[in-house]
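Colleague: Have a look at the structure that comes next, please.
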Amino acid sequence: MTSWIDVSCILAVFLALTILATNRIVGMIKIFALQSFLLSLVPLFLHADAISGRDILLSGGTMVLKAVLVPTILFWAIRHISMRSEIKPIIGLGTSILCGAALIAVAFWVSLSLRLPGKLLSSLVLPCSLATMLLGFMTMVTRTRAITQVLGYLVIENGIFLFAISLYDAMPVLIEMGILLDIFVAVFIMAIVLNHINEEFERTRGSASRAKWGESS
Amino acid sequence: MLVLLIVIPFLGALAVWLPVRVMFRVWFLCAVSFIHATIVASFWWQRPVPELQGYLALDPLGLILLSVISLLFLSVSVFMIGYFQHEHRGNRILTACILALLSMMTLVSVSYHMGLLWVAIETTTLFSAPLISFHRNWRSLEATWKYLLVCSVGIALALMGTFFLAIAAHDVHTLLLPAILSGASSLSVNWLKLSVIFLFVGYGCKMGLAPMHSWKPEAYGQATGMVGVLMAGGLTQCAFLALIRVSQICYKTGLSGFYASILIITGILSLVVPAVFLLSEKSIKRSFAFSSVEHMGLLVLGLGLGGVGIFGALFHMINNALAKVVMFLTAGSVAQKYGSSRAMEVRGVIHIYPVTGIFLLVALLAGTGMFPFATFHSELLIINAAILSKHYALAGITILCLAVIFIGIARLVLEFVYGKPTEPVLAKKENFFMNITIAAAAVALMGLGLWMPAPLSQVLHEAVALIGA
């Protein structure tokens, strides 16, 4: 099943690049959901000849939390915040894609010098996971909206997840579920804070007392 | 016993969601903290056995942190009795998050598995975020957002570092600390180095070391004093325990020199940055936040220098926590009386509230490490370690930075205390519960400065032996 893992890895990077190159928030969330769904299948590909209960639990958990619940929360957040509008990145979309391509090259170049101990099913896992992480960082720093920063964070987490599930079996499943749950709760709390920010914004709209975002007292 | 210690506060966090009176929740929090403190105190006589297949275990390092945390929560809950007599805001989310935080910080100090440690530290980030925006206004929301985002991304890097560690420990097949330490010779050094860098940046972000400290002034500036105590004394030191765990692994694998250089550089940077920013700071909570960056810098500096520095750093963990109780609770008490913590609105406190004014002066001395407070001794030990290891320039820079930081904080605090009095916006009397908490912490800190109890000294020495100086 190595070829399937290869395909998943490449698609994950491709989707991360697509998120970087998308300027509609709804589109970004949908692409993220697709990426998470894809990654949730990787544990099944990994032990395709003998799928254990652990693999199913991990795969199912990821699918439910990351591909369904997290996008639902994000959709809830943008419905309340009415932020569906186009967003203007700090640097243009064309430049973003070029930078993203450069980052992918960097990830592959760095992983050439890293040698993994033990056997490895696919040589693409490490470079692709690094590339996904870097693209997530790129999404985070080039976008100005709060919700796109959350999406960048989630793409980084997906990169880490790809790395984690493909490489080794040292982590007990309970701790992996703990990690997943933590990320889910993080997004949940971020959505609530976003909602509070929006309420406060509406309440103080037009009043001179409000400091500008980023201006500290 | 350890499981119980984690579960009790967590059940308490669920219980305070019930519709009860505001003061009832505070008394309930007090009771839970008291039970927690009693159990932790019993550990000083009888150390608990490891539980859950060795995932939870309490070693001397964990015991120090656990005792500090227990003390912090106890003092904060007593302070809250006084605070909520004047506060008309609901406290359901506040008390629930504080109890959940107590449970998770306990988990941090007893977790013996690097993955579990990560989960616990990330969860503390999540439960502390709602605490910052207790006064729900524009600025506190911004601070919460910054804290959440910076720490989440930082902690994500630490997760990556944990996975790298797992690759390095490929032959050990587990991330349980004793197994890693005993199989240290089989670790792959290159992966371990990569892992150390990621873990350091990740947990350093949570600890608020410069240059990853950007969330600190905002978050502490906006949080209420009680929350400031829990974050500056508890959360950041939980992250420091993670760095100590990394140090244990580095020592066993002969990477001490590599790790020490990272620690020393960051430590010095964390002393220089607050020294620069404090000279022009106008808000007392923000200046205490920079002081927290400084103390974190001292901790990692002590750990990096080794020898007597490690003893100093571990002793400083306790002193820093007590000093933070005095500093942030006094700031919180001032902020509640004046509705602000900035020098423009608060001046001449000693003329209107003599006791609070004196506490401000005590906070200045305790926070900047003046004799007879114990912070003086631990800072001296760390500087001593720099001189003993022939880092004379390092010792010089440290002393210079500490002096500048003293001037920076003293300038602001003296203006607060002796300036031309301003009318308090929300005139309130001094409160017994609030003052007794601050006084107790100050007395304890002074006591530790004059006399160190034998059991404490013994546990500190055992802890130093674990890090392997």
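Chains as they are written, first to last, in the working numbering: chain A, 700 to 916; chain B, 2 to 470. Each residue gets a CB set at the ideal place from its N, CA and C atoms; glycine is no exception. Remember, predicted model here, so these are calculated numbers, not experimental data.
1. Please classify valine 47 (chain B) as buried or exposed, where buried requires at least 16 neighbouring CB atoms within 10 angstroms.
2. For alanine 806 (chain A) versus leucine 833 (chain A), is the C-beta spacing smaller than 9 Å?
3. Just grab the DSSP bridge partners of arginine 343 (chain B) for me.
4. Under 8 Å, with one C-beta from each stretch per pair, do the segment 26-41 of chain B and the segment 217-227 of chain B reach the 3-pair mark?
5. If you follow the alpha helix (DSSP H) that valine 805 (chain A) is part of, which residue opens it and which one closes it?
6. In angstroms with no decimal places, state the Cα-to-Cα distance between lysine 338 (chain B) and phenylalanine 417 (chain B).
7. With DSSP as the reference, label leucine 57 (chain B) as helix, strand or coil.
8. Across the segment 322-342 of chain B and the segment 301-309 of chain B, are there enough close Cβ pairs to call them in contact, namely three or more that are closer than 8 Å?
9. Enumerate in chain order the residues of its own chain whose CB-to-CB distance from valine 849 (chain A) is below 6 Å, with the five nearest sequence positions on each side excluded.
10. Check whether chain A comes within 9 Å of asparagine 92 (chain B), counting only Cβ atoms and requiring the distance to be less than that.
11. Give the residues of chain B in contact with leucine 764 (chain A), contact being defined as C-beta atoms less than 7 Å apart.
12. Taking the DSSP output, what are the residues bridged to serine 112 (chain B)?
13. Restricting to Cα atoms, I'd like to know which of B:Leu100, B:Ala344, B:Ala58 and B:Ile383 is closest to glycine 13 (chain B).
14. Return the chain-ordered list of same chain residues with a C-beta closer than 7 Å to the C-beta of isoleucine 789 (chain A), the five sequence neighbours on each side being excluded.
15. As a quick exercise: from B:Val120, B:Leu365 and B:Pro51, pick the residue whose alpha carbon is nearest that of cysteine 239 (chain B).
16. On the DSSP bridge list, what partners appear for leucine 177 (chain B)?
17. Mind listing the chain B neighbours of methionine 889 (chain A)? Cutoff is C-beta to C-beta under 7 Å, in chain order.
18. Taking the DSSP output, what are the residues bridged to glutamate 123 (chain B)?
19. By Cβ distance, which residues of its chain are closer than 8 Å to serine 915 (chain A), with the 5 residues on each side in sequence left out?
20. Provide the residue(s) that pair with glutamate 52 (chain B) in DSSP beta bridges, ordered along the chain.
21. For glycine 760 (chain A) and chain B, any beta-carbon pair shorter than 9 Å?
22. Under 6 Å Cβ to Cβ from alanine 715 (chain A), same chain only, skipping five residues before and after it: list those, please.
23. Select from the segment 733-746 of chain A all residues with a C-beta closer than 7 Å to any C-beta belonging to chain B, and list them in chain order.
24. If we ignore side chains and look at the alpha-carbon of each, how far apart do leucine 737 (chain A) and valine 706 (chain A) end up?
25. Listed from N- to C-terminal order along the chain, which residues in the segment 296-330 of chain B have their beta-carbon within a distance smaller than 7 Å of any beta-carbon of chain A?
26. Among the residues of its own chain, which have a CB less than 8 Å from the CB of methionine 837 (chain A), if the five just before and after it don't count?
27. State the Cα-Cα distance for the pair serine 288 (chain B) and leucine 73 (chain B), rounded to the nearest angstrom.
28. Quick one: grab the DSSP three-state call for glutamine 47 (chain B).
29. Just curious, the alpha helix (DSSP H) that proline 826 (chain A) is in, first and last residue?
30. Mind listing the chain A neighbours of serine 134 (chain B)? Cutoff is C-beta to C-beta under 9 Å, in chain order.
31. Between the beta-carbon of threonine 145 (chain B) and the beta-carbon of isoleucine 133 (chain B), is there less than 9 Å?
32. I'd like to check one pair, leucine 3 (chain B) with proline 49 (chain B): are the Cβ atoms closer than 9 Å?
33. Which first and last residues belong to the alpha helix (DSSP H) in which alanine 443 (chain B) is found?
34. Could you check whether threonine 225 (chain B) and phenylalanine 135 (chain B) sit closer than 9 Å to each other, using their CB atoms as the reference points?
35. Of all the CB atoms in chain A, is at least one closer than 9 Å to the CB of valine 335 (chain B)?
36. Please classify threonine 376 (chain B) as buried or exposed, where buried requires at least 16 neighbouring CB atoms within 10 angstroms.
Modeller: On the basis of the data shown:
1. It is glutamine, not valine, that sits at residue 47 (chain B) in the sequence shown. It counts as exposed.
2. Going by beta carbons, alanine 806 (chain A) and leucine 833 (chain A) fall inside the 9 Å limit.
3. Answer by DSSP bridge pairing, in chain order: B:Ser284.
4. Touching, no.
5. Unbroken alpha helix (DSSP H) run through valine 805 (chain A): 792-811.
6. Taking the CA atoms as reference points, lysine 338 (chain B) sits about 13 Å from phenylalanine 417 (chain B).
7. Reduced to three states, the DSSP call for leucine 57 (chain B) is strand.
8. With the cut-off at 8 Å, the segment 322-342 of chain B and the segment 301-309 of chain B do not touch.
9. Same-chain partners within the cutoff: Met889.
10. Residue contact check for asparagine 92 (chain B) against chain A: no CB pair falls below 9 Å.
11. Chain-order list of chain B residues neighbouring leucine 764 (chain A): empty, with the shortest C-beta distance near 15 Å, by a criterion of under 7 Å.
12. BP columns for serine 112 (chain B) point to B:Leu57.
13. It is B:Leu100 whose Cα lies nearest to the Cα of glycine 13 (chain B).
14. Only Thr841 and Thr843 meet the Cβ criterion.
15. Just measuring C-alpha positions, the residue of B:Val120, B:Leu365 and B:Pro51 sitting nearest cysteine 239 (chain B) is B:Val120.
16. B:His114.
17. Leu149, listed in chain order.
18. None, per the DSSP bridge assignment.
19. Confidence at serine 915 (chain A) is low in this model, with a pLDDT of 46, below 50, so the placement of that residue should be treated as unreliable; the coordinate-derived value is given next. The answer is none, since no qualifying residue turns up.
20. B:Leu57, per the DSSP bridge assignment.
21. The beta carbon of glycine 760 (chain A) sits no closer than 9 Å to any beta carbon of chain B.
22. Thr831, Leu834 and Val854.
23. Hits within the stretch: zero.
24. Looking at the two C-alpha atoms, the distance is approximately 10 Å.
25. Cβ contacts with chain A: none found.
26. These residues qualify, in order along the chain: Leu719, Ser795, Cys798, Gly799, Leu802 and Gly851.
27. Cα to Cα, the separation comes out at about 21 Å.
28. In this structure, DSSP gives glutamine 47 (chain B) a state outside helix and strand, which the three-state scheme calls coil.
29. Its alpha helix (DSSP H) spans residues 824-841.
30. Correct list: Val892 and His895.
31. Contact flag set, yes.
32. In contact: proline 49 (chain B) and leucine 3 (chain B) (Cβ atoms closer than 9 Å).
33. Under the DSSP assignment, alanine 443 (chain B) falls in the alpha helix (DSSP H) whose first and last residues are 433-451.
34. Yes, Cβ-Cβ distance for phenylalanine 135 (chain B) and threonine 225 (chain B) is below 9 Å.
35. No, valine 335 (chain B) does not count as interfacial toward chain A.
36. Answer is buried; the Cβ neighbour count reaches 16.
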